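Engineer:
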Ligand code: GLC
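Numbering (my numbering), first residue to last: 21 to 818.
1. Could you tell me which uninterrupted beta strand (DSSP E) segments, each at least 3 residues in length, are contained entirely in the segment 206-266, listed from first to last along the chain?
2. Mind checking whether the beta-carbon of residue 448 lies closer than 6 angstroms to any heavy atom of the ligand GLC?
3. Contact between the segment 278-292 and the segment 204-218 is defined here as three or more beta-carbon pairs at a separation below 8 angstroms; is this criterion met?
4. Whose C-beta lies closer than 6 angstroms to the C-beta of residue 733 among residues of the same chain, with five residues either side of it excluded?
5. Output the boundary residues of the alpha helix (DSSP H) element that contains residue 378.
6. Which residues mark the beginning and the end of the beta strand (DSSP E) in which residue 131 is found?
7. Could you tell me if residue 316 is buried or exposed, where buried requires 16 or more neighbouring beta carbons within 10 angstroms of its beta carbon?
8. Looking at residue 390: is its Cβ nearer than 7 angstroms to the Cβ of residue 54?
9. Quick check on the DSSP output: the alpha helix (DSSP H) that includes residue 522 runs from which residue to which?
10. Kindly indicate which three-state DSSP category residue 304 falls into: helix, strand or coil?
11. I need the straight-line Cα distance from residue 238 to residue 266, nearest angstrom please.
12. What residues come near the ligand PLP, if near means a beta carbon less than 5 angstroms from any of its heavy atoms?
13. Could you tell me which uninterrupted beta strand (DSSP E) segments, each at least 3 residues in length, are contained entirely in the segment 675-754, listed from first to last along the chain?
14. Using a Cβ-Cβ cutoff of less than 7 angstroms, which residues in the same chain neighbour residue 659 once the five nearest sequence positions on both sides are dropped?
15. Ordered along the chain, which non-local residues of its own chain (more than five positions away) have a Cβ less than 7 angstroms from that of residue 483?
16. Quick check: what's the CA-CA separation for residue 142 versus residue 66?
17. The alpha helix (DSSP H) with residue 565 in it runs from where to where?
18. What did DSSP end up calling residue 502 once you bin it into helix, strand or coil?
19. Hey, quick one: how far does the alpha helix (DSSP H) through residue 355 stretch, first residue to last?
20. To which residues of the same chain is residue 819 closer than 6 angstroms at the C-beta, ignoring the five residues directly before and after it?
21. How far does the alpha helix (DSSP H) with residue 460 in it extend, from its first residue to its last?
22. Classify residue 675 as buried or exposed, calling it buried when 16 or more other Cβ atoms lie within 10 Å of its own Cβ.
23. Would you report the Cα separation of residue 174 and residue 387, rounded to the nearest angstrom?
24. To the nearest whole angstrom, what separates the beta carbons of residue 92 and residue 102, a pair I think is in contact under 8 angstroms?
25. Return the Cβ separation of residue 376 and residue 445 in integer angstroms, given the expectation that the two are a contact with Cβ distance under 8 angstroms.
26. By the DSSP assignment, the beta strand (DSSP E) with residue 183 in it spans what residues?
27. If you draw a straight line from the alpha carbon of residue 144 to that of residue 311, how long is it in whole angstroms?
28. For residue 808, which residues of its own chain have a beta-carbon under 6 angstroms away from its beta-carbon, when the five flanking residues on both sides are left out?
29. What are the residues that DSSP puts in a beta bridge with residue 167?
30. Does the distance from the C-beta atom of residue 23 to that of residue 695 stay below 7 angstroms?
31. Give the secondary structure of residue 464 by DSSP, where H, G and I count as helix, E and B as strand, and everything else as coil.
32. Are residue 793 and residue 754 closer than 7 angstroms when you measure CB to CB?
33. Could you tell me whether the segment 406-414 touches the segment 440-458, using the rule of 3 or more Cβ pairs below 8 angstroms?
34. Short check: CB of residue 550 to CB of residue 525, under 7 angstroms?
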C-alpha cells in the first residue's frame with residue numbers, strides 16, 4: 021500500500037494519505053532548538069536537550085499525541101476540523117490532506133468543506149523558536165466566517181520524565197498569563213535569583229502574529245473539557261477558548277482568531293512558540309507582523325539545505341536510488357550527524373552525551389557533502405580520545421578536553437554507566453579521517469595538534485598512532501585485539517580477553533591507513549613497524565578465523581569459537597565477511613566465498629540478517645542478543661547499519677548487481693509501495709528490520725537516528741557510484757546493475773565541479789573501458805586533482 025510519493029525536484033516527500041502505518045516524522049531546527057513533527061502534526065520541541073529542555077509534551081509509546089494543533093471551525097455551522105488530519109480525524113471521504121516533509125520544514129495542507137488550509141512548520145535557520153505559518157483560503161462560493169485555534173501543550177517541567185511522573189510536584193510549579201497576543205507560561209515563578217535547590221525560573225510563550233486574538237486559554241483541562249480529548253475540545257466545540265489561565269495543574273497555549281473570507285480570498289497569520297521571557301518573545305513576534313518574513317525564512321532554509329545536498333547529485337535509472345542519494349539519505353545523514361541519538365519518537369533525549377563509535381561513523385555520511393562540518397566534529401572526537409589511544413565510550417555533552425576522567429576512573433563509570441573501554445571505538449577514526457582528507461585535500465590536518473581527553477596533546481598523526489597502540493597493548497590469547505567490553509555489536513560480550521574478528525579486521529585496515537600517513541611523513545621506521553605487525557595480524561586472522569567459506573565471529577575469553585560453521589546457532593555472521601573485503605585482508609578467492617555464503621545464508625527479501633540462526637538454546641554466556649525475540653535486532657534481525665558495509669564490500673569487488681540488490685532490499689524508498697509492511701517512513705532508514713522468525717517480517721523500527729544513514733550513504737557513494745578520492749585525486753569506479761545503460765553524477769570535489777556521464781553499452785557491472793576528462797583521454801579511471809579545471813566534463817565507458 022502506498023501513502024505518499026517523492027517529489028525529487030522540490031526535495032520533498034509528499035504524504036497524501038494521512039492514516040500512515042506509523043507517525044512519519046521530520047526534523048526541524050537543530051538541538052539548540054529542536055522540533056520533531058509527524059505528518060499529523062504530532063511531536064515535541066525542546067531547547068538543547070530532549071530530556072531536560074522539553075517545551076511541549078509528547079507521550080512516548082502512545083500513538084502520536086499531542087502535537088502542534090491548529091483547529092479550524094466554521095462559525096456559521098459549528099462544524100470543526102483540524103488543519104492536520106489528526107487530532108479531529110474527519111472522515112477521509114470528505115477530508116483531503118497532503119503533508120509535504122521538506123528539508124527542515126513541513127507543510128501540512130488540507131481541504132475540507134471548501135476551505136483550503138496550509139500550515140508551514142519550521143524553525144528559522146540558527147534561531148531558537150518555531151513558527152506555524154497558517155494560510156486559509158476560501159475555495160467555496162460563499163462568504164465564510166471561521167475560527168482558527170492554535171493549541172500547544174506545555175510541559176510543567178523542563179525534564180520530560182519529571183513532567184510525566186512527578187505529579188505531586190510538577191503540577192504545582194507552573195502557571196500561565198495572557199498578555200498582548202501571547203500566552204506566557206512560567207515555571208518556578210517565585211525563584212528570583214539564580215536557582216533554589218537547583219530549580220530555576222523557566223519561561224515559554226505561544227503567540228499569534230498577523231491576526232487578532234479573539235479568545236485564549238492557558239489551562240489544558242479548561243481547553244479540552246472534562247471527558248473530552250484532543251479530537252473534540254470544548255473550546256473548539258464552543259468556538260470560544262474561555263479566557264481561562266492555569267494556576268497549578270496543566271498549562272497549555274491556546275489562541276483563537278476569527279477570520280472572514282470572501283470566495284477566493286486567503287489570509288495568513290502565524291503562531292510562534294519558544295522558551296523565552298516576555299521581552300524576548302515580543303522582540304521575536306515583531307518580525308512576524310511583516311507578511312514576508314515567513315517566505316524569506318523558508319527560502320533561507322531551502323537554500324541552506326539544498327546548497328549542501330547539491331554538492332553530490334545522481335541521475336540513475338533507479339528512482340529509489342536517486343531519491344535516497346540526492347535527498348533523503350543525505351538529509352538523514354545530516355540529522356544523525358547533528359542530532360546524534362538525542363531525540364526522536366523513540367529516543368526521548370535521556371542520553372547525556374555522544375557515543376564514540378556512533379558519532380565517528382556518523383561523520384562519514386556527510387564528508388562528501390560538507391567536509392568543513394566533518395572537520396569540526398573530527399577534531400572534537402579526537403579530543404575525546406584518551407592519551408592511551410582508546411576512545412571515551414560516551415563523550416559527555418559537557419566535554420572538556422584535557423580534563424576528562426576516563427573508564428579507568430570510577431567517577432567516569434559512575435556518571436556514564438560505561439564500565440570499560442570498548443575494543444572498536446578509536447578504530448573508527450581511521451576510515452573517517454582518511455575519507456575526510458581524501459575528500460578535502462587537507463593533508464596538513466595530520467599535523468594539527470589536538471588535546472587528548474584526559475591530559476596531554478598530540479598531532480592527529482600521533483592520535484592515530486596511539487589508537488593502534490591501544491589495540492596492540494591489549495591483545496588476547498591468539499594475538500588479536502581483546503574484546504574488552506564489546507565491539508561494534510553491543511550485545512556481544514566476548515569477555516575482556518575474548519577476541520573479535522571484526523575488530524581485528526578494523527585494526528588491520530587501520531594499519532593500512534596509517535601507512536599512507538606515515539608515507540606522507542617519511543616515517544620509515546614506523547612503516548617498517550606497521551608492515552611487521554600488520555603481516556602478523558593478517559596471518560593470525562587468516563589462521564585463526566577463516567573456516568572453509570566464512571570468517572568466524574571471534575573467540576570468547578577462554579578460547580571458545582563463536583560463529584563456527586558447525587555451531588547449532590549463530591553459525592554465520594555478516595560483519596566479518598563484509599569487513600574481510602573492506603579491510604583488504606581477504607584474498608580474492610576468500611572474498612568470493614565469504615560473500616557468496618552471506619548471500620546464501622543471510623539474505624532475505626528485506627535485507628541481510630546480522631547472523632543466523634538466532635540464539636535460543638545454545639547462546640554462550642555473554643550473547644546478550646538472546647534477550648531479543650528471534651529475527652529481531654542483533655538476534656538474527658536485519659540490523660540496518662551493516663547493510664551499508666555489505667553494499668560497499670560487493671561494490672569493491674566489482675559486483676554491481678549484488679551491491680544494488682542489497683541496496684534495493686534495504687532501501688526505504690524501494691519499500692514505498694509496501695509501506696504497510698515496513699511501517700517506518702519510506703524516506704528514512706531505521707535501526708533494524710524484523711526478519712525470519714518474526715510474524716512481522718519486513719517491519720522496521722527506530723526511525724531516523726541510526727548509524728545506517730552513514731553506512732548506506734558510503735556504500736552507495738563510494739561503493740555503487742564508485743567515488744574514491746585519495747590524497748592526490750579521484751578514482752571513478754562505479755559498480756552498478758549490468759542493465760543500467762547510462763547514468764550521471766555531479767560532484768563538487770574540493771571546489772571543482774565534476775559532471776560525470778557514465779555509459780555502459782556492453783552491460784558490465786563494473787570496470788572502465790575508457791575515460792575522458794574535458795575531451796582528453798585518460799590512461800585509466802583516475803584523475804589527478806591538479807589536472808582538473810573549475811568545471812569538468814567527464815565521460816566514462818564501462
Ligand atoms: C546501536 C548502537 C551502536 C551499535 C549497534 C549494534 O545502533 O547505537 O553503537 O554499534 O547498536 O549493536
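Heads up, the beta-carbon is just placed ideally off N, CA and C, and yes, glycines get one too. In this text, all values refer to a predicted model and were calculated from it rather than measured experimentally.
Structural biologist: In brief:
1. 222-229, 235-239
2. no
3. no
4. 349, 353, 385
5. 376-384
6. 125-132
7. exposed
8. no
9. 521-540
10. helix
11. 5 angstroms
12. Of the ligands this structure carries, namely the ligand GLC, none is the ligand PLP.
13. 706-709, 720-723, 743-745, 749-752
14. 630, 653, 708
15. 402, 405, 470
16. 14 angstroms
17. 544-565
18. strand
19. 349-359
20. Absent from the structure is residue 819, since the part of the chain shown begins at 21 and ends at 818.
21. 449-460
22. buried
23. 38 angstroms
24. 7 angstroms
25. 4 angstroms
26. Counting along the chain, residue 183 falls outside any beta strand (DSSP E), though it belongs to the alpha helix (DSSP H) covering 180-185.
27. 15 angstroms
28. 772
29. 93, 278
30. yes
31. helix
32. no
33. yes
34. no
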